[in-house]
Amino acid sequence: MLSPVATRVLLVLSLLSPVFAHLSANETSTAVMIANDRLAFSVKKSTGAVDSLILDNQDLLGAGKGTGPYLDCYCVPDGGYVPGHIDPEYRVIRGVDSSNVSYGGVVMSESYPPTGQVLQQYWFLRDGETGLHTFSRVAYHNSTEGFSVNLQGLRTLFRPHSKIWTHLVMDDDLWAPLPIPDPATGDTSNAVPVQDTTWYLGNREGDPFVEQFADYFTKYTFADSWRDHTAHGLFADGLNVEDNLTFGAWLVMNTKDTYFGGPLYSDLTVDGYVYNSLTGNHHGMGTPNITNGFDRTFGPQYYHFNTGPAGTSWRTLREEAVQYASPTWNAKFYDSIAQYVPNYVPTSGRGTWKAVIPLPEGAKNPVAVLSLEGVDFQDNSNDSAAYQYWADIDSSSGKVQIYRIKAGRYRLTVYADGVFGDFVHDGIVVEAGKDSDGGTLLWKPDSAGKELWRIGTPDKSGGEWRHGNVKDKTHPLHPPEYRIYWGQYDFITDFPNGVNFHVGSSDESRDFNYIHWSVFGGSANYRRPEQVTGHGEINNWTITFGVEEYDLREISLATFTVQLAGVKTAAGNTNLFNASQTYNNLPYAVFVNGHELDTWIIP
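Structural data, given as structure tokens:
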């Protein structure tokens, strides 16, 4: 019989000793397998990708066909590259974190022979969790070549090939049933291609996507900006699952500081695959050059997998995932594995910053951004070591506080809907382990004097115009019209005489289009395949206005301001001159009362 003292000693030992029985990490010549009581995954050594993912005995990928999460890039001289196929190396990690929870991890590392670029993918599984913590790393050390290419695209993909998945979900407001079949996964039956990964599906009968959402399907419909994004993914409603259980597969953005482009960065989220878009030049986003010494680790982000009983909604499963979308969640765990993840900044290297920023009249939805010093935050990819942070500003008090910032110097940028111009202040210093107080900062909005009139809202979106934020009335899910491929709306039918807008009487949501075309139609337009140049009614828009005489007393000079939410030219996303692209630069001409202003050349 054990004495009371011995009993107490054994009890203490059982509480403090790690329990490995619930988590296993094993390696063979062909695979690495890691599992806890509920989730098991396997990385296939010949491909560098997860090829088996099982939650509560349910196959989430599709045996032998589905893959992911895995790393994919457009970052080598030949273009696309999926590391893990050439000569990958693997490391298996087993440990116990500071919370006494066991974990297992696997690192896939491969050097691309022509350039020597190193790409690494990290997967970690903790005991008691049903998700994978992921990091992705790109490194290039080649003083002889000096420059490789730019990091045009880097992403991880959860790419199932299984009939269990029925819906795609971008956020709490935008979702849709998957097309049947889904052209994004390779089956383009009765799908007419009109543009890159964009199809006209209006000829299909009985397709739930066409019936409920739109005639066009494209991955760009479900792109989102990073500012408020939390989690996106796939949902299985149970119709193709035993016992009608429901399942979810979600990418959770618990950290955003290693992305580029700030809160305005936008990229793909879900289209049948679940994306973690780490870098990309969609929508004109900037990407870093891969030069000698480049070494960046992206992450962590978290792929969460969950299940519910029959009838559980996608909202319920997504809400479970959203709770993890915070940089403070699992920070202690990330500190514990920092020794295995190059470039990851642990809590000891981070600090907090706060300030008070009284807001201009009319400011709505204000946000404060800390980013690379000296440049616009959308260009922070100029420095491959740049980090970024942002937080909403309290509209009533002007208070803002940002946590877990990597120590260093930053530029502060503040912007808000309804206010022209941004507040910019360089020299913000954040020290490790300290709370930095920026005090009170005065924001004076841009102004050229007394405002005579204004149409639209300076909010960087253009959503107030026709086919912008207005809800589609022809499909029961009522997506915002701007999210549907532009070929859905015929500008020539909408504006047979062009745009003629009179300030004070015209309706912004009806009489001013969300896109200003130079020509309309063409090969990418299913309904109007022949391009129409028109006779001035397409590219020339007219705004008329009246001004009271007393508003102009003793005034001889006025300022006309045009703010564009986005511009598409023949340059694509490169912003580099190419003699073969005649319309690389877009001339934007404005006449006021017959007087031509200086032409705005947009690259």
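Under mature numbering (1 follows the signal peptide of the UniProt record, and there is no 0), the letters of the sequence shown match residues -21 to -1, 1 to 582, in that order. The C-beta atom is built at its ideal place from N, Cα and C for all residues, glycine as well.
Leaving out five residues on either side along the sequence, give the residues of the same chain with a beta carbon under 8 Å from the beta carbon of glycine 447. The sequence position of residue 447 within the sequence shown is 468, counting from 1. Excluding sequence neighbours, glycine 447 sits near Ser440, Gly441, Pro459, Glu460, Tyr461, Ser488 and Tyr493.
Please list, in chain order, all residues of the same chain as proline 566 whose beta carbon is under 7 Å from its beta carbon, the five residues on each side excluded. Sequence index remark: in the sequence shown, residue 566 carries index 587 (1-based). Hits under 7 Å: Thr578 and Ile580.
Check whether the stretch 305 to 319 and the stretch 242 to 253 touch, using three or more Cβ-Cβ pairs below 8 Å as the test. no
N-terminal and C-terminal residue of the beta strand (DSSP E) that aspartate 274 is part of: Locating residue 274 in the sequence shown gives position 295, where the first residue counts as 1. First-last of the beta strand (DSSP E) with aspartate 274: 273 to 287.
Pull up the distance between the alpha-carbon of proline 337 and that of proline 325, whole angstroms please. Here the question's residue 337 lines up with position 358 in the sequence shown. Here the question's residue 325 lines up with position 346 in the sequence shown. Whole-angstrom Cα-Cα distance: 33 Å.
Start-to-end residues for the alpha helix (DSSP H) that takes in glutamate 190: Position 211 of the sequence shown holds residue 190. First-last of the alpha helix (DSSP H) with glutamate 190: 187 to 191.
Pairwise C-alpha distance: asparagine 36 and asparagine 361: As a first step, residue 361 must be located in the sequence shown, where it is residue number 382. As a first step, residue 36 must be located in the sequence shown, where it is residue number 57. Their Cα atoms are separated by approximately 46 Å.
Are three or more beta carbon pairs between the stretch 194 to 213 and the stretch 130 to 149 nearer than 8 Å? yes
Per DSSP, what are the beta-bridge partners of asparagine 129 in this structure? Counted from its first residue, the sequence shown places residue 129 at position 150. For asparagine 129, which the question treats as bridged, DSSP gives the partners Asn268.
6 Å Cβ shell around arginine 70 - same chain, five flanking residues per side excluded: Residue numbering aside, residue 70 sits at position 91 when the sequence shown is read from its first letter. Val86, listed in sequence order.
Given a cut-off of 8 Å, decide if proline 508 and glycine 515 are closer than it, judged by their beta-carbon atoms. Along the sequence shown, read from residue 1 onward, the residue named residue 515 stands at position 536. Along the sequence shown, read from residue 1 onward, the residue named residue 508 stands at position 529. No.
Does the distance from the CB of arginine 275 to the CB of arginine 116 come in under 8 Å? Within the sequence shown, the letter at position 296 stands for residue 275. Within the sequence shown, the letter at position 137 stands for residue 116. A contact, by the Cβ cut-off of 8 Å.
Suppose only complete runs of 4+ residues qualify. What are the alpha helix (DSSP H) ranges in the stretch 41 to 127, listed by chain order? none
Three-state secondary structure (DSSP) at histidine 481? As a first step, residue 481 must be located in the sequence shown, where it is residue number 502. Reduced to three states, the DSSP call for histidine 481 is strand.
Segment contact, 8 Å Cβ cut-off, at least three pairs: the stretch 159 to 170 with the stretch 300 to 309: no
Valine 354 and glutamine 280 look like a contact to me (Cβ under 8 Å); what is the Cβ gap, rounded to whole Å? For the purposes of this step, residue 354 is identified with residue 375 of the sequence shown, where counting begins at 1. For the purposes of this step, residue 280 is identified with residue 301 of the sequence shown, where counting begins at 1. Rounded, the Cβ-Cβ distance is 25 Å, inconsistent with contact.
Near threonine 9, what residues of its chain come up, given a Cβ to Cβ distance below 6 Å and the 5 sequence neighbours on each side ignored? As a working mapping, residue 9 is identified with position 30 in the sequence shown. If we look at threonine 9 and ignore the five residues flanking it on each side, its Cβ neighbours are Lys24.
State the DSSP-derived secondary structure class of alanine -1, mapped to helix, strand or coil. Translated into the one-based positions of the sequence shown, residue -1 becomes position 21. Residue confidence for alanine -1 is low, a pLDDT of 47 falling below 50, so the modelled location carries little weight; the figure read from the coordinates is stated next. Three-state result, alanine -1: coil.
Is asparagine 359 closer than 8 Å to glycine 241 when the C-beta atoms are compared? Here residue 241 is taken as the residue at index 262 of the sequence shown, counted from 1. Here residue 359 is taken as the residue at index 380 of the sequence shown, counted from 1. Yes. Within cutoff.
Can you pull the DSSP bridge partners for phenylalanine 226? Reading the sequence shown from its first residue, position 247 is the one you call residue 226. Ala215 and Thr286, per the DSSP bridge assignment.
Those residues which DSSP pairs with valine 571 across a bridge: Within the sequence shown, the letter at position 592 stands for residue 571. In DSSP, valine 571 forms a bridge with His574.
For lysine 385 and histidine 283, I'd like the C-alpha separation in whole angstroms. Here residue 385 is taken as the residue at index 406 of the sequence shown, counted from 1. Here residue 283 is taken as the residue at index 304 of the sequence shown, counted from 1. Going from the Cα of lysine 385 to the Cα of histidine 283 covers about 26 Å.
Could you name the residues of the same chain whose beta carbon sits closer than 8 Å to that of valine 220, not counting the 5 residues immediately before and after it, in chain order? For this step, residue 220 is matched to residue 241 along the sequence shown. So the qualifying residues of the chain are Gln37, Ile143 and Phe226.
So, using beta-carbon positions, are isoleucine 65 and glycine 83 closer together than 8 Å? In the sequence shown, residue 65 corresponds to position 86, counting from 1. In the sequence shown, residue 83 corresponds to position 104, counting from 1. It is not a contact, given that the beta carbons lie outside the stated cut-off.
Exposed or buried, lysine 235, counting other C-beta atoms within 10 Å across all chains shown (16 or more means buried)? Locating residue 235 in the sequence shown gives position 256, where the first residue counts as 1. By the 10 Å Cβ count, lysine 235 comes out buried.
Evaluate proline 56 with the Cβ neighbour count: other Cβ atoms within 10 Å of its Cβ, from every protein chain shown; 16 or more gives buried, anything less gives exposed. Against the sequence shown, residue 56 aligns to sequence position 77. With a 10 Å radius around the Cβ and a threshold of 16 neighbouring Cβ atoms, proline 56 comes out exposed.
Just the Cα atoms here: how many angstroms apart are valine 409 and glycine 387? As a working note, residue 409 is residue 430 in the sequence shown. As a working note, residue 387 is residue 408 in the sequence shown. Going from the Cα of valine 409 to the Cα of glycine 387 covers about 5 Å.
In terms of residue numbering, what span does the alpha helix (DSSP H) encompassing valine 301 cover? Locating residue 301 in the sequence shown gives position 322, where the first residue counts as 1. Run containing valine 301: 293 to 301, per the alpha helix (DSSP H) assignment.
Which of helix, strand or coil DSSP assigns to histidine 262: The residue you call residue 262 lines up with position 283 of the sequence shown. Three-state result, histidine 262: helix.
To which residues of the same chain is arginine 105 closer than 6 Å at the C-beta, ignoring the five residues directly before and after it? Here residue 105 refers to the residue found at position 126 when the sequence shown is read from its first residue. So the qualifying residues of the chain are Val80 and Tyr82.
Among the candidates Asn169, Trp205, Arg206 and Asp207, whose CA atom is the shortest distance from the CA of tyrosine 195? Position 216 of the sequence shown, counting from 1, holds the residue named residue 195. With distances taken between Cα atoms, tyrosine 195 lies closest to Asn169.
Closest to serine 485 by CA distance: which of Asp203, Arg329, Thr135 and Gly525 is it? In the sequence shown, counting from the first residue as 1, residue 485 sits at position 506. Residue Gly525 is the option with its Cα nearest to serine 485.
At the level of alpha carbons, what is the spacing between alanine 537 and alanine 427? Here residue 537 corresponds to residue number 558 of the sequence shown, with the count starting at 1. Here residue 427 corresponds to residue number 448 of the sequence shown, with the count starting at 1. Distance between the alpha carbons of alanine 537 and alanine 427: 8 Å.
Buried or exposed: which applies to valine 478, given that a residue is buried once 16 or more other Cβ atoms fall within 10 Å of its Cβ? As a first step, residue 478 must be located in the sequence shown, where it is residue number 499. Per the 10 Å Cβ criterion, buried.
My assumption, with CB atoms under 8 Å, is that phenylalanine 470 sits in contact with phenylalanine 480. Please give the rounded CB distance. Residue numbering aside, residue 470 sits at position 491 when the sequence shown is read from its first letter. Residue numbering aside, residue 480 sits at position 501 when the sequence shown is read from its first letter. Not really, about 15 Å apart at Cβ, beyond 8 Å.
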